[in-house]
Structures are given as C-alpha cells and as structure tokens.
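Asks: Here's a structure for you.
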Amino acid sequence: MTARRWKSKAGTRAGASCALLLLAACSGRQSALDPAGEDAETLALMFTVMVTAAAILWLCLNGLFFYVTRVSPRRMSRKLANGLVIGGGILMPLVLIGALLAWGLSILPDHDQPGDGLVIRVQGEQWWWRVAYETPEGDVISANEIRMPVGERVSFVLDSHRVIHSFWIPSLGGKMDMFPGRQTNLSLRADEAGIYRGQCAEFCGASHAWMAFEVEAMEPDAFDAWLAAEAAPAGPPDGGAEAIGRQIFAREGCGGCHEIRGTEFQGQVGPDLTHVGSRHSLGAGRLGARLEDFSTWIAHTDDLKPGVEMPPFDHLPQEELTALAAYLKGLQ
Ligand code: CUA
Numbered sequence: 610m611t612a613r614r615w616k617s618k619a620g621t622r623a624g625a626s627c628a629l630l631l632l633a634a635c636s637g638r639q640s641a642l643d644p645a646g647e648d649a650e651t652l653a654l655m656f657t658v659m660v661t662a663a664a665i666l667w668l669c670l671n672g673l674f675f676y677v678t679r680v681s682p683r684r685m686s687r688k689l690a691n692g693l694v695i696g697g698g699i700l701m702p703l704v705l706i707g708a709l710l711a712w713g714l715s716i717l718p719d720h721d722q723p724g725d726g727l728v729i730r731v732q733g734e735q736w737w738w739r740v741a742y743e744t745p746e747g748d749v750i751s752a753n754e755i756r757m758p759v760g761e762r763v764s765f766v767l768d769s770h771r772v773i774h775s776f777w778i779p780s781l782g783g784k785m786d787m788f789p790g791r792q793t794n795l796s797l798r799a800d801e802a803g804i805y806r807g808q809c810a811e812f813c814g815a816s817h818a819w820m821a822f823e824v825e826a827m828e829p830d831a832f833d834a835w836l837a838a839e840a841a842p843a844g845p846p847d848g849g850a851e852a853i854g855r856q857i858f859a860r861e862g863c864g865g866c867h868e869i870r871g872t873e874f875q876g877q878v879g880p881d882l883t884h885v886g887s888r889h890s891l892g893a894g895r896l897g898a899r900l901e902d903f904s905t906w907i908a909h910t911d912d913l914k915p916g917v918e919m920p921p922f923d924h925l926p927q928e929e930l931t932a933l934a935a936y937l938k939g940l941q
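At the far end of the sequence shown sits residue 941, using the numbering used here, and the numbering has no gaps.
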C-alpha cells in the first residue's frame, strides 16, 4: 500500500471513530441531547434548530463562494458588489440571527418559575453536595444524591460553601451556578422515571471532575415513601460485623465530621450518612455503592479524589475496613 493510500485509510478510520464518539455522546443518562424532562426537551430543540440553521447558512455561503470563484468568475459592478456586502453580509445575518435570538429567548425555560411544592436546597462543597428536602416537619438532610417525583416541578435553591460550583443535570435541564453567600434558583421537572447523572459544571479545584451525583426520578408514591424513610433516624446495627463497624466508626472519630441521625455521631463537616447504605454511589459519584466500594473509599479517599478533606484510613486492617463497610452499607 502506498504511503498516501495508507494515510487516507487511517484518516477515514479516525474520522469514523470521531463520528461514533460524537454519536455516543447523544444518548445516555448524562446527555443534554437525550432529554427526560420538559426543560431539557426545550434546550435540545433549541440546539437542533440553531445547529440546523447554522449548517444551512454555512452551506449557502460556501455555495455562493464556490459559484463566484469557480462556476462563474467574472467582474461585477460596484453597485452589485456593495449590494451583496450590505444585503448578504449585514442585513441577512442581522435578520436571521435576530429571529433565532428572539425565538430562543421566547422558549428559554424560566429557572425562577414556581414549582409544584417540593423545595430542595443544594449546597456545593469541595467536592460533594449537601442536600436538604424542605418538609412541613423540618428539613430532611441527605448528600450526593437527589430524588424527585416524576411529573412534578421541583424548585432547587442553590448556594455554595466556599467557591463557585455549577449544578447541572443534563437530562433534565440547563446548568445553574452556585455562589458562596448568594442564592440562585433552578426549576426542573422530570417526565420519565429513571436514574440520571448530574455533574458540577464549573471548575472548582483539583477534584472538580469527580464532583458528580445521581438523580433518581421516582413515581410520586414511591418518592413520598422514600422521603418518609429518609426522614427517619438510622436503625441499630444488624448483626455482629455491623456492630463492630459501629465501634470502629466511634473509635476512629468519624462522628466528628459525619452525622448519623439517631446516634451520638453529630458531625457537620462531611456528608450526612444516616441512610448512606441506600444511595446509588459513593464519594459524590466517584464509586458505586457495593460493600467493597465502601472499604475502598474509606481506605483510599485521597487517591480517588485528590485534595479531598477526608483523610485516607489505609492504616486500618482489612477486617476492620470490612466491618466499617458493613455498618455503613447497613444504614439503609
Ligand atoms: Cu464543583 Cu466543579
């Protein structure tokens, strides 16, 4: 094979791989182009219309350029040339882009619109999410996971502890920045039950890319049952390994940073762990939530999430890590 043919084949393969990668980004639980809610649908429509309009404009301009340079290259009168510059170069883009802008603004989701009642406050931490569900009986505190009822508009009230973060659930809507000392609002509605992935969308330090969370959109009845269970204090350890894990949790001072409601552990620095065993992920989307993920996280926090405030507990023997994992996984 000649060098040129080989290069052209390699180029074709690279192009095909790029196209496949781009297409793969169009679906999935963290794609703005695979909407599962009203607001994300509007944004996906806006994206499609804008890209299509831009593509048509690009083709027309290049067609015109090709025509005057290759098909019919000839001198044109100054009047025609001026007309083309003013009409095609100024008026047409003004009208087209102006129309697209007006249309875009008219359908842009209103992030301040009132919800159907449920208010969820989320605070950005480094690098995790403090979550509070407002209920008549008081706040239900959780972390690193959001659950919401399908078909109901939920009001998110956002802020941050130290630096700017950005709250983004691509499948459900646009992003909203979270500022220290200033409150921002976002209104979202999930129309399809499922588990989606949220991600911090503003660079916030070393582990910005590891600042994610799971969002579960549930049927309203299931959500009400879940919220009632989430509001309840933690149950006692069930079985020997869990009881030993609880003792190690106390001995290592974990309760200085973490709260487990219904126990003497009342720390407020790190995520609330009252029902950590029922979450879908650990370390703000860093790991899954299998038993072994708990011990891996506890022993290797700084490897998994550079700069994290929680120290690694890699000095603990494996059987103690396993007992700790059993206690935490048991917090359903
Ligand atoms: Cu938080 Cu990036």
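Glycine included, C-beta positions come from ideal geometry on N, C-alpha and C.
Within 7 Å: the Cβ of G894 and any heavy atom of ligand 1?
Replies: Counting from 1 along the sequence shown, the entry for residue 894 is found at position 285. G894: no, Cβ never under 7 Å from ligand 1.
Asks: Leaving out five residues on either side along the sequence, give the residues of the same chain with a beta carbon under 7 Å from the beta carbon of E823.
Replies: Within the sequence shown, the letter at position 214 stands for residue 823. If we look at E823 and ignore the five residues flanking it on each side, its Cβ neighbours are E754, I804, R806, H889, S890, G894.
Asks: Do three or more CB pairs link the region 878–885 to the region 829–843 at distances below 8 Å?
Replies: yes
Asks: Using the three-state DSSP reduction, which class does H774 fall into: helix, strand or coil?
Replies: Taking the sequence shown and counting its residues from 1, one reaches residue 774 at position 165. Correct three-state label for H774: strand.
Asks: Check each candidate in G713, S686, K688 and name the one with the smallest Cα separation from M655.
Replies: Within the sequence shown, residue 655 is the residue found at index 46, counting from 1. Selected option, being the one with the closest Cα: G713.
Asks: Kindly list the residues whose CB is nearer than 7 Å to the CB of A818, restricted to its own chain and excluding five residues on each side of it in sequence; keep chain order.
Replies: On the sequence shown, position 209 is the one that residue 818 refers to. Sequence-distant partners of A818 (beyond 5 residues in either direction) whose C-beta falls short of 7 Å from its own C-beta are missing from its chain.
Asks: Throw me the rounded Cβ distance for the T651 and I706 pair, which I believe falls under 8 Å.
Replies: As a working note, residue 651 is residue 42 in the sequence shown. As a working note, residue 706 is residue 97 in the sequence shown. With a Cβ gap of about 20 Å, T651 and I706 do not count as contacting.
Asks: For a quick check, are the C-beta atoms of W835 and Q808 less than 8 Å apart?
Replies: For this step, residue 835 is matched to residue 226 along the sequence shown. For this step, residue 808 is matched to residue 199 along the sequence shown. No.
Asks: Bridge partners for W737 per DSSP, in chain order?
Replies: Here residue 737 refers to the residue found at position 128 of the sequence shown. In the DSSP output, where bridge partners are listed per residue, W737 has E734.
Asks: Taking Cβ to Cβ, would you say T931 is nearer than 8 Å to S904?
Replies: For the purposes of this step, residue 931 is taken as residue 322 along the sequence shown, with counting starting at 1. For the purposes of this step, residue 904 is taken as residue 295 along the sequence shown, with counting starting at 1. Yes; because the gap between Cβ atoms is below 8 Å, this pair is in contact.
Asks: Where G646 and P758 are concerned, what is the direct C-alpha to C-alpha distance, given to the nearest angstrom?
Replies: As a working mapping, residue 646 is identified with position 37 in the sequence shown. As a working mapping, residue 758 is identified with position 149 in the sequence shown. The straight-line gap from Cα to Cα measures roughly 12 Å.
Asks: May I ask which residues mark the beginning and end of the beta strand (DSSP E) holding Q927?
Replies: As a working note, residue 927 is residue 318 in the sequence shown. Run containing Q927: none in the beta strand (DSSP E); it sits in the alpha helix (DSSP H), 927–938.
Asks: DSSP three-state label for V763, please.
Replies: Here residue 763 refers to the residue found at position 154 when the sequence shown is read from its first residue. Reduced to three states, the DSSP call for V763 is strand.
Asks: Tell me G672's beta-bridge partners as DSSP assigns them.
Replies: Against the sequence shown, residue 672 aligns to sequence position 63. For G672, which the question treats as bridged, DSSP gives no partner whatsoever.
Asks: Where T657 and G637 are concerned, what is the direct C-alpha to C-alpha distance, given to the nearest angstrom?
Replies: Reading the sequence shown from its first residue, position 48 is the one you call residue 657. Reading the sequence shown from its first residue, position 28 is the one you call residue 637. When rounded, the distance between both Cα atoms is 18 Å.
Asks: List, from N- to C-terminal side, the alpha helix (DSSP H) runs of 4 residues or more that fit wholly inside the region 649–696.
Replies: 687–693
Asks: State the beta-bridge partners of F788 as determined by DSSP.
Replies: Along the sequence shown, one-based indexing puts residue 788 at 179. DSSP, once it has assigned bridges, lists R791 as partnering F788.
Asks: Between which two residues does the alpha helix (DSSP H) containing I706 stretch?
Replies: Mapped onto the sequence shown, residue 706 falls at position 97. Here the alpha helix (DSSP H) through I706 covers 701–716.
Asks: Compute the distance between the beta-carbons of S796 and Q732, then report whether it is under 8 Å.
Replies: Here residue 796 corresponds to residue number 187 of the sequence shown, with the count starting at 1. Here residue 732 corresponds to residue number 123 of the sequence shown, with the count starting at 1. Contact flag unset, no.
Asks: Hey, G879 and S816: beta-carbon distance below 8 Å or not?
Replies: In the sequence shown, counting from the first residue as 1, residue 879 sits at position 270. In the sequence shown, counting from the first residue as 1, residue 816 sits at position 207. Taking 8 Å as the Cβ cut-off, G879 and S816 do not qualify as a contacting pair.
Asks: When you compare each of G848, G876, P702, P789 to Q735 by their alpha carbons, which one comes out closest?
Replies: As a working note, residue 735 is residue 126 in the sequence shown. The residue with the shortest Cα to Cα distance from Q735 is P789.
Asks: In three-state terms, what does DSSP make of P921?
Replies: Against the sequence shown, residue 921 aligns to sequence position 312. Note: P921 maps to coil in three-state DSSP.
Asks: What does the alpha-carbon distance come out to for the pair P846 and A821?
Replies: In the sequence shown, residue 846 corresponds to position 237, counting from 1. In the sequence shown, residue 821 corresponds to position 212, counting from 1. In a straight line, the C-alpha of P846 is about 29 Å away from that of A821.
Asks: Should G782 and P718 be called a contact, given that it needs their Cβ atoms to be closer than 8 Å?
Replies: As a first step, residue 782 must be located in the sequence shown, where it is residue number 173. As a first step, residue 718 must be located in the sequence shown, where it is residue number 109. With contacts defined as CB atoms closer than 8 Å, G782 and P718 qualify as a contacting pair.
Asks: In the DSSP assignment, find the beta strand (DSSP E) that holds A826 and state where it starts and stops.
Replies: Counting from one through the sequence shown, the residue named residue 826 turns up at place 217. From DSSP, the beta strand (DSSP E) with A826 extends over 821–827.
Asks: Would you mind sorting L700 into buried or exposed? The rule is 16 or more other CB atoms within 10 Å of its CB.
Replies: Here residue 700 refers to the residue found at position 91 when the sequence shown is read from its first residue. Classification of L700: exposed, given that the 10 Å Cβ count is below 16.
Asks: Can you give the Cα-Cα distance for D648 and G760, rounded to whole angstroms?
Replies: As a working mapping, residue 648 is identified with position 39 in the sequence shown. As a working mapping, residue 760 is identified with position 151 in the sequence shown. Whole-angstrom Cα-Cα distance: 12 Å.
Asks: M610 by DSSP, collapsed to three states: which one?
Replies: Stepping through the sequence shown from its first residue, residue 610 is reached at position 1. Low local confidence applies: a pLDDT of 48 at M610 is under 50, so the model's placement there is unreliable, and no value is given.
Asks: Please state whether the Cβ-Cβ distance between G814 and V763 is less than 8 Å.
Replies: What you label residue 814 is simply residue 205 of the sequence shown in a count that begins at 1. What you label residue 763 is simply residue 154 of the sequence shown in a count that begins at 1. In this structure, V763 does not lie closer than 8 Å to G814 by Cβ.
Asks: By the three-class DSSP mapping on this structure, what secondary structure does Q941 have?
Replies: Reading the sequence shown from its first residue, position 332 is the one you call residue 941. Coil at Q941, not helix or strand.
Asks: Select from V766, S780, M787 the residue whose C-alpha is nearest the C-alpha of H774.
Replies: Working through the sequence shown from its first residue, we reach residue 774 at position 165. Comparing Cα positions, the closest option is M787.
Asks: Using the rule of at least 16 other Cβ atoms within 10 Å of the residue's Cβ for burial, across every protein chain shown, is R739 buried or exposed?
Replies: The residue you call residue 739 lines up with position 130 of the sequence shown. With 16 or more Cβ atoms within 10 Å of its Cβ, R739 is classed as buried.
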